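Notes for the one structure printed next.
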Amino acid sequence: MTPFIIPVQEPFDFQQCLIFLKRSKQEVMHVTTDESVRKLFYLGNRFVLVELKWDPEGIEVLLFEQDVSEEERIVIEREVRDWLDLDRDLQPFEQLAQQDDVLRPIFESYRGLRLIGFPDLFEALTWAIIGQQITLSFAYTLKRRFVEQYGESQTIEGVTYWTFPRPEVIATLEPEALRPLQFSYRKAEYICDIAREIVEGTLSKMALRQLPTEDIRKHLLQLRGVGEWTADYVLMKCFQEPSAFPVADAGLHQALMYHLGLSRKPTQEEVKRYGAQWEGWGGYATFYLWRSLYGNV
DNA sequence: GGCCAGGCTAGCA
DNA sequence: TGCTAGCATGGC
């Protein structure tokens, strides 16, 4: 199938997005090169490998599959737009950043970086729960084991691409099944419970996204394993809510300590007070601050 | 060896 | 309503 182009709105920088996608060598959900990223999409009945590259007209999307229908093409475009937050007008955030001593230099460094997320609700919730209270590197290790054990893969041109485990598969597991992967029993329980809710239909992104942000947040908080941090994280990364602000986040605290030149980490109250000026863009501010923590990869 | 990691729940006052 | 132990393990 011939490639197609997704136009983008300024500010947008494909290289900055690519650098973010390369942040962990342990990432299994996509494969990057110097100029492209490939990701396997599951379209309900088949897999399609998708490659994204920069083109002067926008993002070039190449599909490694014959006879992709127009409906499937539209689904893939939608997924890519959600994944890279392409429908966002970032200009208000740029204006806000220019008036903020912490954000100004960070925004200039990574200008055009989008809040890259997890369009799939099960993946977003699972990744957030995995990441609770452990180092990111260990979180990636756990995710890799989980995906390689329960996800599906296709090997194309000698490279293996994975899709995230489907809730239908995880819903059939007992939490004990995840213990050998070094999940804590609690996390395993939360993840299996959430998979069951999704399969049973009591938890669905399609239903939640109809609701106001505050109501989505309340629904998420009712799930075992989901506290304030996780609810805001999932609002940011799955519902693309730019104002969702995980005030308790350890990485955010570390970044603020560094950029404000503090000798200790800020308290949650101090974070709230400082973040008040990011009204509506707390999630983007947090994302850029996280980005500032891991250098230039 | 101690403490912190992109926290949350259950149990107790 | 507010506080804390316990969870699991890697990395500094």
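Here our numbering = 1-based position in the first sequence + 44.
Beta carbons are placed, not taken as given, at the ideal position from N, Cα and C, and that holds for glycine.
Please read all numbers here as calculations on a predicted model, not as lab measurements.
When only Cα atoms are considered, GLU71 and LEU96 end up about 17 Å apart. Assigned with DSSP and collapsed to three states, ILE200 falls in strand.
Bounds of the alpha helix (DSSP H) holding PHE190 are 180 to 194. Fewer than three beta-carbon pairs drawn from the stretch 232 to 247 and the stretch 123 to 134 are found closer than 8 Å, and the two stretches are therefore not classed as touching.
The stretch 156 to 165 makes no contact with the stretch 217 to 226; the number of CB pairs closer than 8 Å stays below 3. If you compare the alpha carbons of LEU304, LEU255, GLN254, LEU217 with that of ASP237, the shortest gap goes to LEU217. Only exposed fits LEU306, as fewer than 16 other CB atoms lie within 10 angstroms of its CB.
Per DSSP, reduced to three states, the secondary structure at TYR86 is strand. Classified as buried, THR330 has 16 or more neighbouring CB atoms from the shown chains inside 10 Å of its CB. By the C-beta density criterion, ASP78 is exposed, having fewer than 16 other C-beta atoms within 10 angstroms. Pairing LEU337 with ALA294 gives a Cβ-Cβ distance that is not under 8 Å. For PHE166, the uninterrupted alpha helix (DSSP H) segment begins and ends at 165 to 175.
Counting only runs of 4+ residues, the alpha helix (DSSP H) found wholly inside the stretch 139 to 168 occupies 147 to 154, in chain order.
Taking C-alpha positions only, ILE235 is separated from SER68 by approximately 23 Å. Per DSSP, the unbroken alpha helix (DSSP H) holding LEU265 starts and ends at 257 to 265. The closest CA to that of VAL315, considering only GLU116, VAL119, PHE289, is found on PHE289.
Using a Cβ-Cβ distance cut-off of 8 Å, the stretch 88 to 108 and the stretch 182 to 202 are in contact, since at least three pairs of beta carbons, one from each stretch, lie closer than that value. The alpha carbon of TYR194 has as its nearest neighbour, out of GLU138, LYS83, GLY271, THR170, the alpha carbon of THR170.
With respect to the 8 Å criterion, ILE160 and CYS61 are classified as neighbours on the basis of their beta carbons. GLU121: member of the alpha helix (DSSP H) spanning 114 to 127, first to last residue. In the DSSP assignment, TRP98 falls within the unbroken beta strand (DSSP E) covering 91 to 99.
Within the DSSP secondary-structure output, GLY295 pairs in no beta bridge. For GLY326, the enclosing alpha helix (DSSP H) begins and ends at 326 to 337.
Rounded to the nearest whole angstrom, the C-alpha separation of SER113 and THR204 is 24 Å. Using a Cβ-Cβ distance cut-off of 8 Å, the stretch 184 to 193 and the stretch 86 to 95 are not in contact, since fewer than three pairs of beta carbons, one from each stretch, lie closer than that value.
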